[in-house]
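Student: One structure, as structure tokens, below. Some questions next.
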Amino acid sequence: MHGDGVSKPMDSALEKGCGGSVCFKEPFYHRVVDNFLPNEVFADVLGVYGSTQFLKKHIDLFRFYQSPELRHAKEYACFLTSVRKEMDKDLKKLKKETENEEMDLFASYYQQGDFLLPHDDCVEGRVFAFSFYLNTPHSTPHSTPYSTPYSTPHSTPHSTPHSTPHSTPSPNGRLVLYENDGVTPSKWIEPIANRLVIFEVSPLSYHEVESAWGERKALTGWLRSANHCPQSKELPYTTNRHQIFSTEDMVTIDLPSSLVSIPIYETLEPFRNVLSALPWVPRLNTMYCRGLEPDLARAAAHLNIIGVNGTPVDALVLRLEKGGYLLLNDPFNRPSRFLVVMSIYPGSICLVDGSGNIAEEIDGEGMYLFPGQANVFIPLATSPGYVVAYRMD
162 MHGDGVSKPM DSALEKGCGG SVCFKEPFYH RVVDNFLPNE VFADVLGVYG
212 STQFLKKHID LFRFYQSPEL RHAKEYACFL TSVRKEMDKD LKKLKKETEN
262 EEMDLFASYY QQGDFLLPHD DCVEGRVFAF SFYLNTPHST PHSTPYSTPY
312 STPHSTPHST PHSTPHSTPS PNGRLVLYEN DGVTPSKWIE PIANRLVIFE
362 VSPLSYHEVE SAWGERKALT GWLRSANHCP QSKELPYTTN RHQIFSTEDM
412 VTIDLPSSLV SIPIYETLEP FRNVLSALPW VPRLNTMYCR GLEPDLARAA
462 AHLNIIGVNG TPVDALVLRL EKGGYLLLND PFNRPSRFLV VMSIYPGSIC
512 LVDGSGNIAE EIDGEGMYLF PGQANVFIPL ATSPGYVVAY RMD
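Put into structure tokens, the structure is as follows:
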């Protein structure tokens, strides 16, 4: 870690200086501006932030407090104008032009356990994204720096939350930039008070906010233009890549009316041994999942057809490490008549219905059968394990 709070050396910078800003081209275009506002202006913005109302936001991708849209809020007008003026340097450097442009602005507040998982920000019109930090977060690390519970999406009015005092400071809530594969972290940028970060929105602008261990205050938003339409990168995906049971392991069971446990406990340990011996590679990228799947080129001889009556729609074989997850947008989540899940994993596996509500929650190792359509969501893991799931018609 360097004194400037950016974990990658300045050798990758395009230029230095320019009023305390440093510009980078890797892993995608971004610029870091320290001491962005004069002290008295920064104090004014911080005061306005303190009177802003927040809503608690929680879906599979993120959990934190966020304000309503603020681009028309008079008290933030000067700040937003300053950010837009600063972006002229980025437009000039990248030779971008805008049409019918608008600025979006939100205030965010992270407290212990809050997070924003990897995504690319690709939404029609977005040219640049920015984050402006209002404090330098510190906290005491605890044994579970990940969010484990899952609640259905909701928005609850809330004033500016208050943090719990901590004793030993440590950094948290860093902005993580990923390499073009969307799997490998490339750079960690510390949230430091009065620091502005601007980056280009593109199919490769993979980034996340690390799980917070204390309070993290920021203003975030985007420059939008009618002539820009960034599109998320589509990854190749083939169904039924992984199948791990033979017909000798078949269990005959009538399709139930709700989630049921299939008694195969004595076979879990042999399955665990088979899984632990497989070669593993990253699954897709972190926009869908942070986990590993068997390396098809080297593991095919170990994987066999599942012994369940029905036609397999798709199969998932997943190894989770601490901090791993499976999101609702993973391509495994597609329509099917029923779902078979084998859990050799101590954490929760949520079966989510089409409305975003939890239909069932699997807690504990075993094999389970669920009738009907449900999407599999695995919250941030606090312990490693394996999950095998099949969609069947």
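Each residue of the sequence shown is one higher than the one before, starting from 162 at the first, in the working numbering.
The beta carbon of each residue, even a glycine, is placed where N, CA and C say it ideally should be.
1) What residue from SER386, ARG433 and LYS186 has the CA that sits closest to TYR506's CA?
2) Would you call the CB atoms of ASP584 and TRP383 closer than 8 Å?
3) Can you have a look at TYR339 and say buried or exposed, based on whether 16 or more other CB atoms are within 10 angstroms of its CB?
4) Can PRO346 and VAL358 be called in contact, C-beta distance under 8 Å?
5) With a 10 Å radius around its C-beta and 16 neighbouring C-beta atoms as the bar for buried, classify VAL537 as buried or exposed.
6) Helix, strand or coil for PRO147? Go by DSSP, reduced to three states.
7) Taking the alpha-carbon positions, what's the VAL501 to PRO443 distance?
8) Okay, do the region 243-257 and the region 346-356 touch, 3+ Cβ pairs below 8 Å being the bar?
9) Between which residues of its own chain and LEU278 is the CB-CB distance below 6 Å, once the five residues before and five after are set aside?
10) For THR325, which residues in the same chain have their Cβ closer than 6 Å to its Cβ, ignoring the five residues on either side in sequence?
11) Quick one: is GLU371 buried, meaning 16 or more other Cβ sit within 10 Å of its Cβ, or exposed?
12) Specify, as a first and last residue, the run of the beta strand (DSSP E) that VAL209 falls within.
13) Helix, strand or coil for PHE524 per DSSP?
14) My guess is that SER182 and GLN227 are in contact by the Cβ rule of under 8 Å, so how many angstroms apart are they, rounded?
15) Helix, strand or coil: how does DSSP classify LEU488 here?
16) State the DSSP-derived secondary structure class of THR345, mapped to helix, strand or coil.
17) Do SER497 and ASP554 have their beta-carbon atoms positioned less than 8 Å apart in this structure?
18) Enumerate in chain order the residues of its own chain whose CB-to-CB distance from TYR190 is below 7 Å, with the five nearest sequence positions on each side excluded.
19) How long is the line joining the alpha carbons of PRO545 and TRP349, rounded to whole angstroms?
20) Note down, in chain order, each residue of its chain lying with its Cβ closer than 6 Å to the Cβ of GLU260, except the 5 sequence neighbours on either side.
21) How many Å lie between LEU479 and ASN494 at the Cα?
22) Can you give the Cα-Cα distance for LEU481 and CYS511, rounded to whole angstroms?
23) Within 10 angstroms of the Cβ of ARG459, are there 16 or more other Cβ atoms? Answer buried if so, exposed if not.
24) With distances taken between CB atoms, is the gap from GLY484 to LEU541 smaller than 8 Å?
25) Would you please state the rounded distance, in angstroms, between the beta carbons of ALA373 and GLN534? I believe it to be under 8 Å.
26) Please classify PHE276: does DSSP put it in a helix, a strand, or coil?
27) Buried or exposed: LEU436, going by 16 or more other Cβ atoms within 10 Å of its Cβ?
28) Under DSSP, the beta strand (DSSP E) around ARG287 begins and ends at which residues?
29) Could you tell me which residues DSSP puts in a beta bridge with PRO532?
30) Using the DSSP secondary-structure output, state which residues sit across from LEU512 in a beta bridge.
31) Could you please give me the residues that DSSP links to GLN227 through a beta bridge?
32) Can you give me the C-alpha to C-alpha distance between GLU230 and SER393, rounded to a whole angstrom?
33) Could you tell me which of CYS283, THR297 and ARG287 sits nearest to ASN196, measuring between CA atoms?
34) Compare the C-alpha of GLY375 against each of ASP475, PRO352, PRO431 and PRO532 and name the closest.
Tutor: Let me lay it out:
1) Of SER386, ARG433 and LYS186, the residue nearest in Cα terms is ARG433.
2) Nothing can be reported for residue 584, as the shown portion of the chain is limited to 162 through 554.
3) TYR339 should be labelled buried.
4) Judged by their CB atoms, PRO346 and VAL358 are not nearer to each other than the 8 Å cut-off.
5) So VAL537 counts as buried.
6) The requested residue 147 is not part of the displayed model; the chain covers only 162 to 554.
7) Whole-angstrom Cα-Cα distance: 23 Å.
8) Contact annotation: the region 243-257 does not touch the region 346-356, with fewer than three C-beta pairs closer than 8 Å.
9) These residues qualify, in order along the chain: LEU222 and GLU369.
10) Note that THR325 scores 38 on pLDDT, short of 50, meaning its location in the model is unreliable; the coordinates nonetheless yield the value given after this. Same-chain partners within the cutoff: there are none.
11) When all chains shown are included, GLU371 counts as buried.
12) Where VAL209 is concerned, there is no enclosing beta strand (DSSP E), although the alpha helix (DSSP H) around it starts and stops at 200-211.
13) Checking the sequence shown, residue 524 turns out to be Asp, not Phe. ASP524 sits in a strand when the DSSP states are folded into three classes.
14) Not quite, the Cβ-Cβ distance comes to about 27 Å (not below 8 Å), so this is no contact.
15) Judged by DSSP in its simplified three-state form, LEU488 adopts coil rather than helix or strand.
16) DSSP, read as helix, strand or coil, puts THR345 in coil.
17) Taking C-beta atoms as the reference points, ASP554 and SER497 count as a pair closer than 8 Å.
18) Here the set comprises LEU255, PHE360 and GLU361.
19) TRP349 has its alpha-carbon roughly 24 Å from the corresponding atom of PRO545.
20) Closer than 6 Å at Cβ, skipping near neighbours: SER386, ALA387 and ASN388.
21) If I take the Cα positions, the gap works out to 14 Å.
22) Approximately 15 Å, taken between the alpha carbons.
23) Around the C-beta of ARG459, fewer than 16 other C-beta atoms lie within 10 Å, and the residue is accordingly described as exposed.
24) Taking 8 Å as the Cβ cut-off, GLY484 and LEU541 qualify as a contacting pair.
25) The pair is not a contact, with the Cβ atoms about 34 Å apart (cut-off 8 Å).
26) Note: PHE276 maps to strand in three-state DSSP.
27) It is buried - the Cβ of LEU436 has at least 16 other Cβ atoms within 10 Å.
28) It spans 287-294 - the beta strand (DSSP E) in which ARG287 sits, taken as one unbroken run.
29) BP columns for PRO532 point to PHE499.
30) Residue pairing by DSSP puts LEU512 in a beta bridge opposite GLU521 and VAL537.
31) GLN227 is bridged by DSSP to LEU216 and SER269.
32) Straight-line Cα distance between these residues: approximately 24 Å.
33) With distances taken between Cα atoms, ASN196 lies closest to THR297.
34) Answer by Cα proximity: PRO352.
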